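Q:
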Amino acid sequence: MDDNICTCSLVATAILLSAIIFYRKSLVRISTYGRRSRRELPLGTLGWPFLGETLDFISCAYSDRPESFMDKRRLLYGKVFKSHIFGSPTIVSTDAEVSRIILQSDAKTFVPSYPKSLTELMGKSSILLISGNLQRRIHGLIGAFCKSPYLKSQITLDMQKYVQESMKGWREDRPIYIQDEAKNIAFQVLVKALISLDPGLEMEFLKKQFQEFIAGLMSLPINVPGSRLYRSLQARKKMVKLIQRIIQAKRSSNLINNSFPKDVAEVLLSDASQQLTDDLISDNIIDLMIPGEDSVPILITLAIKYLSDCPTALQQLTEENLRLKRLKEKLDEPLCWSDYLSLPFTQNVITETLRMGNIIIGVMRKAINDVEIKGHFIPKGWCVFTYFRSVHLDADVYDSPYQFNPWRWQDRDTCSCSFTPFGGGQRLCPGLDLARLEASIFFHYFVTQFRWVAEDDCIINFPTVRMKNKMPVWVKKRRNVLLSA
Ligand code: HEM
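For the sequence shown, the numbering used here begins at 1 and goes up steadily by one.
(1) Pull up the distance between the alpha-carbon of residue 228 and that of residue 219, whole angstroms please.
(2) Quick check on the DSSP output: the alpha helix (DSSP H) that includes residue 146 runs from which residue to which?
(3) Taking DSSP's pairing of strands, which residues face residue 364 in a bridge?
(4) Based on DSSP bridge pairs, tell me the residues matched to residue 454.
(5) Please enumerate, following chain order, all residues with a beta carbon closer than 6 angstroms to at least one heavy atom belonging to ligand 1.
(6) Output the distance between the C-alpha atoms of residue 34 and residue 144, rounded to the nearest integer angstrom.
(7) Under the assumption that residue 107 contacts residue 131 (Cβ atoms under 8 angstroms), give the Cβ distance between them as a whole number of angstroms.
(8) Can you tell me the Cβ-Cβ gap for residue 275 and residue 129, rounded? I've got them flagged as a contact below 8 angstroms.
(9) Could you tell me which residues DSSP puts in a beta bridge with residue 376?
(10) Quick check: what's the CA-CA separation for residue 201 versus residue 450?
(11) In angstroms with no decimal places, state the Cα-to-Cα distance between residue 413 and residue 248.
(12) Name the one or two DSSP bridge partners that residue 48 has.
(13) Check the DSSP bridge columns for residue 261 and list the partner residues they point to.
(14) Which whole-angstrom value describes the C-beta separation of residue 90 and residue 79, a residue pair presumed to lie in contact below a C-beta threshold of 8 angstroms?
(15) Grouping DSSP H, G and I as helix and E and B as strand, with all else coil, what is residue 171?
(16) Check whether the Cβ of residue 460 lies closer than 7 angstroms to any heavy atom of ligand 3, and answer yes or no.
(17) Quick check on DSSP: helix, strand or coil for residue 25?
(18) Whole angstroms is fine: what's the gap from residue 459's alpha carbon to residue 221's?
(19) Starting from the N-terminal side, write out each stretch of the alpha helix (DSSP H) that is 4 residues or longer and does not extend beyond the segment 261–319.
(20) Note down, in chain order, each residue of its chain lying with its Cβ closer than 6 angstroms to the Cβ of residue 104, except the 5 sequence neighbours on either side.
(21) So, does the segment 173–184 touch the segment 292–308, judging by three or more C-beta pairs under 8 angstroms?
(22) By DSSP, does residue 108 sit in helix, in strand, or in coil?
(23) Hey, would you say residue 437 sits closer than 8 angstroms to residue 152, going by beta carbons?
(24) Provide the residue(s) that pair with residue 176 in DSSP beta bridges, ordered along the chain.
(25) Going along the chain, which residues of its own chain have a beta-carbon closer than 7 angstroms to the beta-carbon of residue 147, five neighbours each way excluded?
(26) Just tell me which of 237, 65, 63 and 109 has its CA closest to the CA of residue 370.
(27) Expressed to the nearest angstrom, what Euclidean distance is found between the alpha-carbon atoms of residue 72 and residue 386?
(28) Can you tell which of 363, 292 and 393 has its C-alpha closest to the C-alpha of residue 431?
(29) Short check: CB of residue 364 to CB of residue 113, under 8 angstroms?
(30) Please name the residue, chosen from 102, 47, 161 and 123, that lies closest to residue 87 on a Cα-to-Cα basis.
(31) In the DSSP assignment, find the unbroken alpha helix (DSSP H) run with residue 243 in it and report its ends.
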């Protein structure tokens, strides 16, 4: 026992000593640099050796005001400050204009930077990790396909089908968990768009492996049999095997290059540059499943939460959708993707949900050269965290920022550096229209077919945004969909 204590304290002392040495070295490096260049780092503190300010960041992140970590420092040091989080000295930007410049910079200045467990799981060729020409090439191919009317029509048909199938099974005598329903639907829709897989045994297998895989995204970077990261990597291997089998079948079917690509895999396979290997394609297909399982369903779930708490917004959304439904029935026409995207109030509800919900709180980059932005010096090797959440909830930018107010978007532009739920610049999310489309279709069928009462639930913000109890609602089928004009 005593031996154990002794060994433990020796190890602890050794860790502490090396931490202090490392910390002092990094201070020396920084100050040496400072003398040489005369440029000063933004104000702020680096916190404890090794840990930096990570614990404070995480404890705020678990609260219902995650931005309080930033708010405290903004008051002390200004909108751009230095800190030390997740193992790296970091410049945090809560300044919309500075963040815009960072997002628009190319790979000569900033490259993506994520925690180690994430990079191990994502695969070397993931679009989220690569930079330069190859990233631009893949981004261009995926972006063009996501914008194509072909994909939007396909997604509309699939989403309508899966939403209706799912809602057909809803009963009035037990709660419906919106978060689970939305995840199930959005995953199937996205997998169909990625590799043309229909619901069935392979889809179930993929879903199971994907859930195992995604559980490790925010785990400790320890890859030994039995660890969370190890199990996630094993699940990823199984997914890669299935996807590569599908890719091989597509390659040998001779359809590639002879017909219009009907899914993302075919878009990447038909690229003439020959740079896109099967490994690269399968890595990216897996990463593209993440929004299907996470971001889009959370967007849907949060909107239902905000609407449940704001009856006037719910009423206006319902009326707008019932009007569209009646019009289409009268014209005897099916709803198409442009009908959904042109509903102004529904789009304002989605915009306001993105602003308040902050599904992606910000993005991280690493400076690969010394940079100065609006007088703020960022040294080579440091991380930069553009924290969107503080901007989206800034009272100087948005009146009563914690109030769900879709009407604020009636005469306000969404193309501004103060509204960046989908990032910006070279890595602007290529799926932004699809996310809006899927959410609009879900709301249309939900509000035109059901009334509901939501159970109490609250939003958890860390490590990812979600509802604590998966957003249970008690539904009642609408009997009368007639509407006063
Ligand atoms: C509410 C839903 C969504 C949100 C909030 C969201 C947010 C974001 C953000 C903030 C980025 C920028 C990351 C960075 O700069 O490092 C991003 C990138 C990306 N998103 Fe989305 N996204 C959503 C839905 C989707 C969907 C449906 C797709 C798939 C079609 C998608 C595919 C991508 C891809 C491929 C990138 C990487 C782009 C690149 O690095 O070149 N996203 N997304």
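Just so it is clear, CB atoms sit at the ideal spot from N, CA and C, and this is done for glycine as well. Keep in mind that this is a model prediction, so the values were computed, not measured.
A: In short, the structure shows the following:
(1) 7 angstroms
(2) 132–147
(3) 385
(4) 473
(5) 112, 127, 128, 135, 139, 142, 146, 288, 291, 295, 296, 299, 359, 360, 363, 421, 422, 423, 427, 429, 430, 431, 434 and 435
(6) Model confidence at residue 34 stands at a pLDDT of 40, short of 50, so the residue's coordinates are unreliable and nothing is read from them.
(7) 4 angstroms
(8) Not confirmed; about 16 angstroms, so no contact.
(9) 373
(10) 31 angstroms
(11) 45 angstroms
(12) 52
(13) In the DSSP output, where bridge partners are listed per residue, residue 261 has none listed.
(14) Incorrect: roughly 15 angstroms between the Cβ atoms, too far for contact.
(15) coil
(16) Summarising the ligand content, the structure contains ligand 1 and does not contain ligand 3.
(17) Here the model assigns residue 25 a pLDDT of 38, short of 50, so the residue's position is not dependable and the matter cannot be decided.
(18) 27 angstroms
(19) 264–269, 278–293 and 295–308
(20) 425
(21) yes
(22) coil
(23) yes
(24) 473
(25) 433
(26) 109
(27) 16 angstroms
(28) 292
(29) yes
(30) 47
(31) 228–252
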